[in-house]
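Trainee:
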Amino acid sequence: MTNRDSWIALAVSLSALLLTALLTAAALALGGYSPLVVLQSLLEGSFGSLDIFFGVTLVRAIPLVVIGLAVTVAFKSGVWNIGAEGQFYAGSMAGVWVGLSVGDYPSFFSVPLVFLSAAAAGAIWALLPALMKIRLGVGEVVTTILMNFVAIHLVSYVVRWPLQESRGVFPNTDLIDESVRLPIIIPGTGLHLGFVVAVICVVGLSIFFNNTGMGFQLRAMGGSKEATRVSGRARIPMLLIVTFLLSGSLAGLAGGIEITGRTFALYEGMSPGWGYTAIAVALLADLNFIAVLVTGIFFGALEGGAGAMQREAGIPAAWVSGIEALVLLSVLASDRILRRLLRSKKKYDVKERELDV
Amino acid sequence: MNRASEGGMILIKVVNKFRIVVSALLLCIASCGDRNDESTSSESQSSDFRVALLTSGPVSDAGWHGSAYEGIKLIEQTLDAKISHQQTNTPAEFDEVLRAYASSNYKLIFAHGFEYQDAAIRVGEQFPEVTIIVSSGGRFSDNVIPLIFELEEGSYMAGVVASRMTKTETIGMVGGVAIPPAEATFTGFEAGALSVNPDVEVLVSWIGSWDDVAMAKEAATTLIRRGADVLIHNTDAASFGVFQAVREARALGEEVWAMGMNRNQNDVAPEVILGSAIIRIPEAFLQLAILWTEGKMPSGEAYYAGGQSGAADYVVNPGLAGKYQPELMAEIDSVRLGIINGLISVPRIGFLERVGGSF
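If you read the sequences in order, they're chains A and B.
Numbering-wise, my numbering puts 254 at position 254 of the first sequence, and it's gapless, one number per residue.
Each position in the second sequence, counted from 1, maps to that position plus 1000 in my numbering.
(1) Which residue comes first and which comes last in the alpha helix (DSSP H) that contains Val73(A)?
(2) Is the distance from the Cβ of Val1051(B) to the Cβ of Ala1081(B) below 8 Å?
(3) For Gly1154(B) versus Val1177(B), is the C-beta spacing smaller than 8 Å?
(4) Chain B beta carbons: is any one of them nearer than 8 Å to that of Phe244(A)?
(5) Measuring CB to CB, does Val1242(B) end up less than 8 Å from Ala1214(B)?
(6) Where do the ends of the alpha helix (DSSP H) carrying Lys1217(B) lie?
(7) Report the neighbours of Tyr267(A) on chain B: residues whose CB is nearer than 8 Å to its CB, in chain order.
(8) For Pro35(A), which of Glu44(A), Thr24(A) and Gly194(A) has the nearest alpha-carbon?
(9) Could you tell me which uninterrupted beta strand (DSSP E) segments, each at least 3 residues in length, are contained entirely in the segment 1245-1314 of chain B, listed from first to last along the chain?
(10) Short of 6 Å in beta carbon distance, which residues of its chain neighbour Asp51(A), apart from the five on each side in sequence? Order them along the chain.
(11) Can you find a CB in chain B that lies within less than 8 Å of the CB of Glu324(A)?
(12) Taking the beta strand (DSSP E) that Glu1201(B) belongs to, which residues open and close that run?
(13) When you compare the CB positions of Gln1086(B) and Gly307(A), do they come within less than 8 Å of one another, or not?
(14) I want to verify the contact list: residues of chain A whose CB lies under 8 Å from the CB of Val1097(B), in sequence order.
(15) Less than 8 Å between the beta carbons of Ala1191(B) and Val1346(B), yes or no?
(16) What in chain A is Cβ-close to Ser1084(B), meaning under 9 Å?
(17) Along the beta strand (DSSP E) that carries Gly296(A), what are the first and last residues, could you check?
(18) For a contact defined as C-beta to C-beta under 9 Å, what are the partners of Thr190(A) on chain B?
(19) Find out if the Cβ-Cβ distance for the pair Trp1257(B), Met1165(B) is shorter than 8 Å.
(20) Does the beta carbon of Val159(A) sit closer than 8 Å to a beta carbon anywhere in chain B?
(21) Can you give me the Cβ contacts of Ile184(A) inside the same chain, cut-off strictly under 7 Å, excluding the 5 residues immediately before and after it?
(22) For the segment 1132-1150 of chain B, enumerate the residues whose C-beta is nearer than 7 Å to any C-beta of chain A, in chain order.
(23) Tell me the DSSP bridge mates of Glu178(A)?
(24) Please check if any C-beta of chain A sits within less than 8 Å of the C-beta of Pro1347(B).
(25) Which residue comes first and which comes last in the alpha helix (DSSP H) that contains Asn211(A)?
(26) Give the straight-line distance between the Cα atoms of Asn81(A) and Glu140(A), rounded to the nearest whole angstrom.
(27) Does DSSP classify Cys1032(B) as helix, strand or coil?
(28) Just to confirm, is the Cβ distance from Asp1118(B) to Leu175(A) under 8 Å?
(29) Name the residues in the segment 1177-1190 of chain B whose C-beta lies less than 7 Å from a C-beta of chain A; which are they?
(30) Take the Cβ of Trp319(A) as the centre, count every other Cβ of all protein chains shown within 10 Å, and call the residue buried at 16 or more, exposed below.
(31) Cα separation between Ile373(A) and Val71(A)?
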């Protein structure tokens, strides 16, 4: 990027930011709320202090980053996995089951066991759509979405019957043992070890996709499945299976992390649509693993700030969702304008064409 | 044209286009700034009693969540408290939101639903000076108080009415999921019915769902076939199925009645609902807030909101008041009084558990 290009980038980003602020302010003013108070609570609720940044923004970013990675893995390889939501639930069910079963073994044994089983469950949840795609040619967009509903209702069943709390009163599981809970890495903030796991996943996937033969084949399949097949150097069904399993296991792992890091039990409605938000996280990051960490934190800040908007500024929840969407749209729009301005220099890019949705 | 000037042109175009909008907005912001000043000055007059509410659904539901919001509004008006509400989206954020309120000096927090209880116990331990009320909760500690709505008192009164109204000496109950709070309401209904006529037969049918309308209708129809001519329910949206079954039986010329539960449902099917066993959530919230300001907040025990505080009651459907004999109207009042005075003991199902030590 030349010096001039970066000036354009800065100008566009700043004007987009200004536009967002003005649009939001207009909407709020029309609704009779003070834009300044709202903006202040949004920023204070996400970046107000180090405690808030670690304890709210980063904690909320963890599931978004890990599921965002799951989506990135799939989309980068040309697989449209819209089923991260269901794979997350599969992971949390397996995670809580193993977490309750292991009892009080040492943490270095039980916690990885929970993570492994959660990842395995997520992978199994993604396996069925994978087999249907390979064997029967059924598009994964439909099958993965349908598997989401199966998982959501399975959770309702599991917390009422097989895994219901031992007193049998409320529809949730018992709490997992203290030893199976993730340690807090920054005392007093609630930021748990899950963040480190997320960062390790980011780095690991980055290395895997950019520096290994398998990673290259997956990227090639994402570029053009047909070209990869006729090259004769890769077996597409095997690559598809790998993609589905890897993507599913990451979303499942996110379930294991939430169980051991935040809720300590399985409840209904654990995910407020993270599996779908993660698609935005991945696309905004341009399917770049390192960038997923950044966009995930951005979304975490937005969610954390949204909570503070309700608490401090008294904005109703429906308004907050609207403002969140407005911010997101402006960021996406500025991102696209930026790319269009800078594109003419680049060669035509297959990946970009496919993702221009 | 080089790219920098291209970008510049775009910016100029954009700015031109939005100049009018921008100037309008600035006016708006300025005026809102003024309004904000006013609100802060009025805030400074109010006391520093801060009350927070957490709900896991929209307060526009005209039901469970909406009545909780009415509750803190009532506290704001009556006790001049500063109130705040947040709708949570996932159990994963319960701890964070409770902690945010507790550390911003909110001394009384209403967590409206049993789903908050585990998080409330955890956060309550970190903030011993804060009281967290968990609606319909099942666990308590020193500063985490379950708010138990004694709907069984209202349904006891409904049972008395049903027993007086039945001609077949058979009455029926259609339940959602057989959890202890729901079972308690049926135990109360049965006890009320048997208290006035020990020969009345009480039929029960659990459908395993709170909002399966078709299933509820089928269950209600079956109960009617078995001779029940007054039906009560304890479900959410599935209650429409019960009312529909009663409507259809009446269309066939049978003398069958329904009763509402939880909320005043008399308007839902005014031609078939004799009355409703209800809980008044806003009044219960206000009672608790008053106890808090008087320093009489219960500690280490549940708070029961029943007939005594006016939080549980039976409401006659005014449209069908003509169906009630004057003696029955008087009997309802005397039963209400008896429950409040403790002369009538309504059976209860306990599901509370104390949580102590480290959690």
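Cβ coordinates follow ideal geometry from the N, Cα and C atoms, glycine included.
Mentor: On the basis of the coordinates in this document:
(1) For Val73(A), the enclosing alpha helix (DSSP H) stretches over residues Val59 to Lys76.
(2) yes
(3) Going by C-beta atoms, Gly1154(B) is not nearer than 8 Å to Val1177(B).
(4) no
(5) Taking C-beta atoms as the reference points, Val1242(B) and Ala1214(B) fail to come closer than 8 Å.
(6) Val1213 to Arg1225
(7) Pro1091 and Glu1115
(8) Thr24(A)
(9) 1257-1262, 1273-1279 and 1303-1305
(10) Thr189
(11) no
(12) Glu1201 to Trp1206
(13) yes
(14) What Val1097(B) touches in chain A: Gly307 and Arg311.
(15) yes
(16) Gln310, Arg311, Glu312 and Gly314
(17) In the DSSP annotation of this structure, Gly296(A) is not part of any beta strand (DSSP E); the continuous alpha helix (DSSP H) holding it starts and ends at Phe289 to Ala313.
(18) For clarity, residue 190(A) is Gly in the given sequence; the question names Thr instead. The contacting residues are Asp1095, Glu1096 and Arg1099.
(19) Yes; because the gap between Cβ atoms is below 8 Å, this pair is in contact.
(20) no
(21) Within the same chain, Gly190, Leu191 and His192 come within 7 Å of Ile184(A) by CB-CB distance, once the 5 residues on both sides are set aside.
(22) Identification of residues in the segment 1132-1150 of chain B having a C-beta nearer than 7 Å to some C-beta of chain A yields Gly1138, given in sequence order.
(23) According to DSSP, which records beta bridges pairwise, Glu178(A) is partnered with nothing at all.
(24) no
(25) Gly194 to Asn211
(26) 7 Å
(27) In this predicted model, Cys1032(B) has a pLDDT of only 43, less than 50, meaning its place in the structure is not dependable enough to derive any value.
(28) A contact, by the Cβ cut-off of 8 Å.
(29) Ile1179 and Pro1180
(30) buried
(31) For residue 373(A) there is no data in the structure shown, the boundaries of chain A being 1 and 357.
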